[in-house]
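Residue numbers (our numbering): 21 to 180. We put the beta carbon where it would ideally sit given N, CA and C, even for glycine. Before any comments, here is the structure.
Rendered as structure tokens:
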């Protein structure tokens, strides 16, 4: 019975994180300079993955799938960073808000992650899921930060 519960628990955790992230992406929020949640998830995912890889035999092909999946994840996160709306609030703070394209890119990213997980050893999925969300959130926030930095330089040149 426990063997059946673990995949269900992984799916529920992943679904819960995805719903939380999508809701947060669609809300107008201040742009934070440091991706706290993403960094936390990336660290937890990396530690979990290292522990699981030591316990399991991971083939070079499986390693390539994990690395490739993370590269695709980061690329889609950068794309989300470019399509997320940025603006300056009346108080001068930078605001961000995703839309339909941002959500579609999230769904595409999670879809490719699910497909990649089908070739990985059992139990590695939850570790790669944490790492997936961590890498994804960090890459998106870094991209938004770079865009915001460019907007701040443009504002200074324009005398704003």
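* Asked: What residues in its chain sit with their C-beta under 8 angstroms from that of residue 49, if we drop five residues either side in the sequence?
  -> 115, 116, 117
* Asked: Can you check whether the CB of residue 143 is closer than 8 angstroms to the CB of residue 72?
  -> yes
* Alpha carbon to alpha carbon, what distance is there between residue 112 and residue 179? -> Any reading at residue 179 is ruled out, since the residue's pLDDT is 43, under 50, leaving its predicted position unreliable.
* In three-state terms, what does DSSP make of residue 49? -> strand
* Mind checking who residue 114 pairs with in its DSSP beta bridge? => 108
* Helix, strand or coil at residue 154 according to DSSP, with G and I counted as helix -> helix
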